[in-house]
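For reference, the structure is listed below as structure tokens.
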Amino acid sequence: SLHRESLLHLAVRWDLPKLFHFLLCLPGGIKALELPNEEGATPLHLALHGGHSTLVDYIT
């Protein structure tokens with residue numbers, strides 16, 4: 002995948018809050034929030050950097 006990113010990373014990059022929420026509800030979804038991509042960015046880092054406030058609200 003792009004920069005070894007999880008589906009959560011991609012949902013953030015593409016600003017897909019419904020998909021993001023769905024993925025969080027799956028087994029291991031919350032734990033996947035801690036996974037960095039190859040650049041060291043977690044989904045939260047990408048959401049903050051991209052200005053995706055809806056996604057940041059889901060995470061925090």
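Just so we're aligned, residue 2 is where the sequence shown starts under the numbering used here, counting upward by one.
Ideal Cβ positions, reconstructed from N, Cα and C, are used throughout, including at glycine.
Query raised in the report: So, helix, strand or coil for residue 28, using DSSP?
Result: By 1-based counting over the sequence shown, the position of residue 28 is 27. Here residue 28 sits in coil by DSSP.
Report task. Using alpha carbons as the reference points, say which of 6, 16, 5 and 4 lies closest to residue 54. Result -> As a first step, residue 54 must be located in the sequence shown, where it is residue number 53. Minimum Cα distance to residue 54 is reached at 16.
Query raised in the report: Leaving out five residues before and five after residue 80 in sequence, what residues of the same chain have Cβ atoms less than 7 Å from its Cβ?
Result: Since the first residue of the chain shown is 2 and the last is 61, residue 80 is not available in this structure.
**Report entry** Straight-line gap, residue 4 to residue 14 (C-alpha atoms, nearest Å)
**Finding:** Position 3 of the sequence shown, counted from the start, is the residue given in the question as residue 4. Position 13 of the sequence shown, counted from the start, is the residue given in the question as residue 14. Going from the Cα of residue 4 to the Cα of residue 14 covers about 12 Å.
Query raised in the report: With DSSP run on the structure shown, which of helix, strand or coil describes residue 42?
Result: Residue numbering aside, residue 42 sits at position 41 when the sequence shown is read from its first letter. Of the three classes helix, strand and coil, the one that applies to residue 42 here is coil, per DSSP.
Requested in this report: Report the option in 61, 42 and 9 whose CA atom is closest to the CA atom of residue 28.
Outcome: Reading the sequence shown from its first residue, position 27 is the one you call residue 28. Minimum Cα distance to residue 28 is reached at 9.
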